[in-house]
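Have a look at the structure below, then the notes.
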Amino acid sequence: MAEFFQEYGKLLLDGTIDTLVMVVVSTFFAYLFGLPLGILVTITSEHSILPCRPANMVLGWIVNIGRSIPFIILIVFLIPFTRAIVGSAIGVRGALIPLIIAATPFVARLVETSLLEVDEGLIEVAHACGSNIRQIVFKVMLPESMPSILMGVPITFITLLGYSAMAGAVGAGGLGDIAYRYGYHRYQYNVMMATIILIIIVVQIIQSVGTLIAKKSDRRIRK
6 MAEFFQEYGK LLLDGTIDTL VMVVVSTFFA YLFGLPLGIL VTITSEHSIL PCRPANMVLG
66 WIVNIGRSIP FIILIVFLIP FTRAIVGSAI GVRGALIPLI IAATPFVARL VETSLLEVDE
126 GLIEVAHACG SNIRQIVFKV MLPESMPSIL MGVPITFITL LGYSAMAGAV GAGGLGDIAY
186 RYGYHRYQYN VMMATIILII IVVQIIQSVG TLIAKKSDRR IRK
């Protein structure tokens, strides 16, 4: 065991850091773009506060198309675009663009689902009190749906963790790349098993922390 960590410890540590960088950065930008997209999809629906069928259809199509493309195909398809934006289609930088693009529509649907859980009575009361659309969104809908939105963060993180492993197969780096190179090409299953264990540990930590934060933010839970 000591010899294993002496030989592969730094490799696994660097792979873990690269994976966390990819997933944390892409999760942040996925919510930066996906949150407003999810809000727009929700409020432009037929029975919402700003119904607009054409806009809702276009936004819905964008989200559905984005979620329909398998991630491994998306990476290859975006190689020219990724190279133009970040200067490389491989490594951590090369994985960020496809990860963000893949996660944004996923986040948008999670946000939409969370917003649809808000009690319509609260929205009607806010509207009757003279609140405008911006106030209803930011003072009623988002605060009420925040626990659910926060529960979606670890789900997104874990999904992107799986995507990053797939990206490793095409040179993105991280734990997926290590598992692919050492497990598939070199038949060193002890290294591959170590990467699996590390991924499981990261998933458990993120899920536990995310669930705790979501519960703490839920005003419906009384101590």
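Just so we're aligned, residue 6 is where the sequence shown starts under our numbering, counting upward by one. Backbone N, C-alpha and C define an ideal beta-carbon position, used for all residues, glycine too.
Residue range Y194 to S222 is occupied by the alpha helix (DSSP H) that includes L217.
Taking C-alpha positions only, A219 is separated from S150 by approximately 10 Å. By the CB criterion at 8 Å, L180 and T200 fall inside the cutoff. Rounded to whole angstroms, the separation of the alpha carbons of Y168 and S31 is 11 Å. S50 is classed as buried because its beta carbon has at least 16 other beta carbons within 10 Å across all chains shown.
Rounded to whole angstroms, the separation of the alpha carbons of P103 and P159 is 19 Å.
Under the three-state reduction of DSSP, N69 is assigned to helix. Inter-residue distance for L203 and L16 is about 12 Å (C-alpha atoms, whole angstroms). For Y13, the enclosing alpha helix (DSSP H) begins and ends at A7 to I48. Scanning I141, T47 and F34 for the CA closest to the CA of F162 turns up F34.
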